[in-house]
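Here is the structure we will look at.
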Amino acid sequence: MLDVALISHLPNFADFSRSELEEFIGHSRARRVEKNGHYFEEGETADHFFLLLDGYIRVVRISPAGEQIIVRYIACNELFGIAQAIGRDTYPANAVAAVDCVALAWPMSLWGETVRKFPSFCCAANKTLGSRLMDVQERVIELATEQVEYRVAAALLKLLDQAGKEVEEGILIDIPLTRQDVSELSGTTLHSVSRLLSGWEQNGLVKSSRKRVIVTNREKLHALTAGDK
DNA sequence: TCATTAATTGCCC
DNA sequence: GGGCAATTAATGA
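Here this note's numbering is used: the first residue of the first sequence is -6, the next is one more, and so on.
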């Protein structure tokens, strides 16, 4: 079984006693999903909720025309698949492992009592939902009003916050990320992303290679989202 | 080494 | 900016 210390520091569990947390974890099962596998698919009965312990998850929806849209990425220590919290009994999107992932899975039947009994857990779930909602609102506004350059820069900056990892040349987005992925995340095409990244590379903002993006000048990238240009 | 998957670039709308 | 095609590059079996 899993070491309680792995997650006891999370705000979700602030008002669990040690034994309560042990019991709660006892009701979960660690679920491993290898890269490109999925935790659940859109429309499936939501029988579990999850806490990501390691890895990154891509939340994907398919448009009526069959095109993929990446809704967001989920980083570790985040709750996901919490359909019950928004009154659904099916999952609203696909959850795909962007890398090999480990998550704890609880039966959804535990959701109600957990939320009722532990304000810290409830509060963390609300915060998670709230910040996702804010994210979505921001993106709607971006899509309606901003240029592609802005949107791609904003998408990269968001990933930097979620998955940034310091390396010698700058900050690496620690998720395998194709141009296609970036385009699905920012509502454009892989061609435009490729052209933008090439341009930015020449100007020293980023360094990219196959499935990897390193941001070498965060300030300049940020400036692209500041309204000018 | 070959087959597959990604990335780049030029041309046209 | 997007769509398409040709080309090249990287990767993994």
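By construction, the Cβ of each residue, glycine as well, lies at the ideal position given by its N, Cα and C atoms.
It should be emphasised that the depicted structure is a prediction, and the values quoted were computed from it without experimental measurement.
Residues that residue i bridges to, as DSSP identifies them
{"i": "Gln173", "result": "None, per the DSSP bridge assignment."}
{"i": "Leu97", "result": "Ala23, Leu44"}
{"i": "Asn29", "result": "None; Asn29 has no bridge partner."}
{"i": "Trp181", "result": "Reading off the sequence, residue 181 comes out as Thr, not Trp. Answer is none; Thr181 lacks a bridge partner."}
{"i": "Lys200", "result": "Ile207"}
{"i": "Thr83", "result": "Thr38"}
Option nearest residue i by Cα separation, candidates the options
{"i": "Leu153", "options": "Val160, Tyr143, Ile164, Val145", "result": "Ile164"}
{"i": "Ile166", "options": "Tyr66, Ala96, Val129", "result": "Tyr66"}
{"i": "Phe33", "options": "Val52, Thr182, Leu46, Lys213", "result": "Val52"}
{"i": "Phe17", "options": "Ile0, Gly157, Arg25, Pro57", "result": "Ile0"}
{"i": "Asn29", "options": "Glu13, Cys94, Ile55", "result": "Cys94"}
{"i": "Ser10", "options": "Phe114, Leu97, Phe73", "result": "Phe114"}
{"i": "Lys120", "options": "Ala78, Glu194, Arg188", "result": "Ala78"}
{"i": "Leu97", "options": "Ala86, Glu194, Lys110, Ala23", "result": "Ala23"}
{"i": "Val89", "options": "Thr107, His31, Ser102", "result": "His31"}
{"i": "Gln140", "options": "Met127, Ile55, Phe111, Val186", "result": "Val186"}
Endpoints, the alpha helix (DSSP H) within which residue i is located
{"i": "Lys213", "result": "211 to 216"}
{"i": "Ser113", "result": "112 to 138"}
Close-in-space but distant-in-sequence residues of the same chain around residue i (CB under 7 Å, 5 per side omitted)
{"i": "Ala146", "result": "Leu214, Leu217, Thr218"}
Own chain partners of residue i with C-beta closer than 8 Å, once the 5 adjacent residues on each side are dropped
{"i": "Pro100", "result": "His20, Asp40, His41"}
{"i": "Ala137", "result": "none"}
Burial state of residue i (16 or more Cβ within 10 Å)
{"i": "Thr83", "result": "exposed"}
{"i": "Val133", "result": "exposed"}
{"i": "Val160", "result": "exposed"}
{"i": "Ala91", "result": "buried"}
{"i": "Arg172", "result": "buried"}
{"i": "Asn196", "result": "exposed"}
{"i": "Thr208", "result": "According to the sequence displayed, residue 208 carries Val and not Thr. So Val208 ends up on the buried side."}
{"i": "Arg144", "result": "buried"}
Cβ shell of residue i (< 6 Å), same chain only, five flanking positions each side left out
{"i": "Lys222", "result": "In this prediction, Lys222 has a pLDDT of 42, which is less than 50 and means its spatial position is unreliable; what the coordinates show is noted afterwards. Same-chain partners within the cutoff: there are none."}
{"i": "Thr223", "result": "Given that the chain is displayed from residue -6 to residue 222, the structure contains no residue 223 and the question cannot be resolved."}
Endpoints, the beta strand (DSSP E) within which residue i is located
{"i": "Val160", "result": "157 to 160"}
{"i": "Leu165", "result": "163 to 166"}
{"i": "Gln61", "result": "61 to 67"}
{"i": "Val53", "result": "50 to 55"}
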